[in-house]
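Engineer: Residues 1122 to 1335 (my numbering) make up the sequence shown, in order.
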Amino acid sequence: MNWQRARTDEQKEQRVDAILEATARLYESSSFEKITLAAIAREANFTRSNLYKYFRSKEEIFFEFLKHDVRLWRRDLVKNYADIFSCSVDTFADGWVKVLIRHKRLLRLVSVLYAHLEKKASRESLVGFKQMANQEFRQVSVVLCRLFPDLPEEQALTFLQQQLAASIGLYTMTDLSATQRQVLEMPEFQHFQLDFADSFRLAVTYLLKGLLAS
1122 MNWQRARTDE QKEQRVDAIL EATARLYESS SFEKITLAAI AREANFTRSN LYKYFRSKEE
1182 IFFEFLKHDV RLWRRDLVKN YADIFSCSVD TFADGWVKVL IRHKRLLRLV SVLYAHLEKK
1242 ASRESLVGFK QMANQEFRQV SVVLCRLFPD LPEEQALTFL QQQLAASIGL YTMTDLSATQ
1302 RQVLEMPEFQ HFQLDFADSF RLAVTYLLKG LLAS
């Protein structure tokens, strides 16, 4: 890549995109904890000093990465229910889970959101991310309130927050190492085995039914 200084907004966007694409490639085969700024710089063919012109920390890069995936998820979700004006909770839950499963990288990213990204983020980065998340959640809440007219917006937002917590917990419980999987194959521990899709579908169903009944 030609490392003449980026002078236009378009050139700056290209640099940022190159960094995010490099991070995405690394994240395909490595964990958040193992990825470093130095590794991202090498993958993007940047020097460390050039990288720092655009991002001051690994967390800032992953926040941008996460914003991108949240927007993709929201668009997919809105499209999935665009032609549906009413449905049962069970049908809704089935569609909700299928959409999330299509965004597995988002699942990986939100699993490190609170334990790593937010704790180490700058105030500016955190505020920016929360503002984006608030906007995206409110757009999704419109879909929820349309499908379930008895669900107030406040309850729709509660659902979104609680389903996020459930998805994070269930993902970390089902994204297992080889050793964990081997142990759970032992007869005395097989009842600890969980399937993410089935468990999350159940959680979404119970949560939404509870909110509608309250």
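Glycine residues also receive a C-beta, built at the ideal position from the N, C-alpha and C atoms. As the structure is a prediction and not an experimental result, all values here were calculated from the model.
(1) Once DSSP output is grouped into helix, strand and coil, what is the label at Trp1124?
(2) What first and last residue would you give for the alpha helix (DSSP H) that runs through Asp1211?
(3) Nearest to Gln1284 by CA position, among Lys1133, Leu1147, Gln1132 and Ser1320, is which residue?
(4) Find out if the Cβ-Cβ distance for the pair Ala1277, Ser1288 is shorter than 8 Å.
(5) State yes or no: is the C-beta of Thr1295 within less than 8 Å of the C-beta of Leu1315?
(6) Under DSSP, the alpha helix (DSSP H) around Phe1250 begins and ends at which residues?
(7) Could you check what DSSP says for Ile1140 in three-state terms: helix, strand or coil?
(8) So what does DSSP say about Gln1283, is it helix, strand or coil?
(9) What whole-angstrom Cβ distance do Leu1187 and Arg1169 have, given they're in contact under 8 Å?
(10) Taking 8 Å as the threshold, find out whether the region 1222–1236 comes into contact with the region 1252–1268 through three or more Cβ pairs.
(11) For Asp1271, report the span of its alpha helix (DSSP H) as first-last.
(12) Evaluate contact between the region 1162–1177 and the region 1193–1202, counting only Cβ atoms and requiring at least three cross-stretch pairs below 8 Å.
(13) Counting only the same chain and skipping the five closest in sequence on each side, list residues whose C-beta sits under 7 Å from that of His1312.
(14) Identify, in the order they occur along the chain, each residue of the same chain with its Cβ nearer than 7 Å to the Cβ of Cys1266, setting aside the five sequence neighbours on each side.
(15) Hey, Phe1206 and Leu1329: beta-carbon distance below 8 Å or not?
(16) Within its chain, find whatever has a CB closer than 6 Å to the CB of Met1122; leave out the 5 residues flanking it on each side and keep chain order.
(17) So what does DSSP say about Asn1166, is it helix, strand or coil?
(18) Is the beta carbon of Glu1180 sitting closer than 8 Å to the one on Ser1246?
(19) Is Phe1310 buried or exposed, if buried means 16 or more other CB atoms sit within 10 Å of its CB?
(20) Can the beta-carbon of Tyr1292 be found closer than 8 Å to that of Ser1232?
(21) Identify, in the order they occur along the chain, each residue of the same chain with its Cβ nearer than 8 Å to the Cβ of Leu1297, setting aside the five sequence neighbours on each side.
(22) Can you tell me whether Ile1182 is buried or exposed, with buried defined as 16 or more other CB within 10 angstroms of its CB?
Structural biologist: Quick answer:
(1) The residue you call residue 1124 lines up with position 3 of the sequence shown. Note on Trp1124: pLDDT 46, under 50, position unreliable in the model; no value is reported.
(2) Stepping through the sequence shown from its first residue, residue 1211 is reached at position 90. For Asp1211, the enclosing alpha helix (DSSP H) has its first and last residue at Val1210 to Ile1222.
(3) For the purposes of this step, residue 1284 is taken as residue 163 along the sequence shown, with counting starting at 1. Of the candidates Lys1133, Leu1147, Gln1132 and Ser1320, the residue whose Cα lies closest to the Cα of Gln1284 is Ser1320.
(4) Stepping through the sequence shown from its first residue, residue 1277 is reached at position 156. Stepping through the sequence shown from its first residue, residue 1288 is reached at position 167. The answer is no: Cβ separation not under 8 Å.
(5) Along the sequence shown, read from residue 1 onward, the residue named residue 1295 stands at position 174. Along the sequence shown, read from residue 1 onward, the residue named residue 1315 stands at position 194. When the beta-carbon positions are compared, Thr1295 and Leu1315 come within less than 8 Å of each other.
(6) The residue you call residue 1250 lines up with position 129 of the sequence shown. Here the alpha helix (DSSP H) through Phe1250 covers Arg1244 to Leu1268.
(7) Translated into the one-based positions of the sequence shown, residue 1140 becomes position 19. Three-state result, Ile1140: helix.
(8) Residue mapping note: residue 1283 aligns to position 162 of the sequence shown, counting from 1. Note: Gln1283 maps to helix in three-state DSSP.
(9) Walking along the sequence shown from the start, residue 1187 turns up at place 66. Walking along the sequence shown from the start, residue 1169 turns up at place 48. Taking 8 Å as the upper bound for CB-CB distance, Leu1187 and Arg1169 are not in contact here, some 23 Å apart.
(10) The region 1222–1236 makes no contact with the region 1252–1268, as fewer than three CB pairs between them are under 8 Å.
(11) Position 150 of the sequence shown, counting from 1, holds the residue named residue 1271. Here Asp1271 belongs to no alpha helix (DSSP H), and DSSP marks it neither H nor E.
(12) Fewer than three beta-carbon pairs drawn from the region 1162–1177 and the region 1193–1202 are found closer than 8 Å, and the two stretches are therefore not classed as touching.
(13) Working through the sequence shown from its first residue, we reach residue 1312 at position 191. If we look at His1312 and ignore the five residues flanking it on each side, it has no Cβ neighbours.
(14) Stepping through the sequence shown from its first residue, residue 1266 is reached at position 145. Cβ-Cβ distances below 7 Å link Cys1266 to Leu1272, Glu1274 and Ala1277 in the same chain, with the five nearest sequence neighbours on each side left out; the list follows chain order.
(15) Here residue 1206 refers to the residue found at position 85 of the sequence shown. Here residue 1329 refers to the residue found at position 208 of the sequence shown. Taking 8 Å as the Cβ cut-off, Phe1206 and Leu1329 do not qualify as a contacting pair.
(16) Walking along the sequence shown from the start, residue 1122 turns up at place 1. Residue placement at Met1122 is poorly supported in this model, since its pLDDT is 47, which falls under 50; the coordinates still yield a value, given next. In its chain, beyond the 5 residues on either side, Asn1166 have a beta carbon closer than 6 Å to the beta carbon of Met1122.
(17) Start at 1 with the first residue of the sequence shown, and residue 1166 comes out as number 45. Reduced to three states, the DSSP call for Asn1166 is coil.
(18) Reading the sequence shown from its first residue, position 59 is the one you call residue 1180. Reading the sequence shown from its first residue, position 125 is the one you call residue 1246. Yes. Within cutoff.
(19) The sequence position of residue 1310 within the sequence shown is 189, counting from 1. Exposed, because fewer than 16 other Cβ atoms sit within 10 Å of the Cβ of Phe1310.
(20) Within the sequence shown, the letter at position 171 stands for residue 1292. Within the sequence shown, the letter at position 111 stands for residue 1232. Yes. Within cutoff.
(21) Translated into the one-based positions of the sequence shown, residue 1297 becomes position 176. By the criterion of a C-beta distance shorter than 8 Å, Leu1297 is surrounded in its chain by Leu1305, once the five residues flanking it on both sides are discounted.
(22) Locating residue 1182 in the sequence shown gives position 61, counting from the first residue. Of the residues assessed, Ile1182 falls on the buried side of the cut-off, its CB having 16 or more other CB atoms within 10 angstroms.
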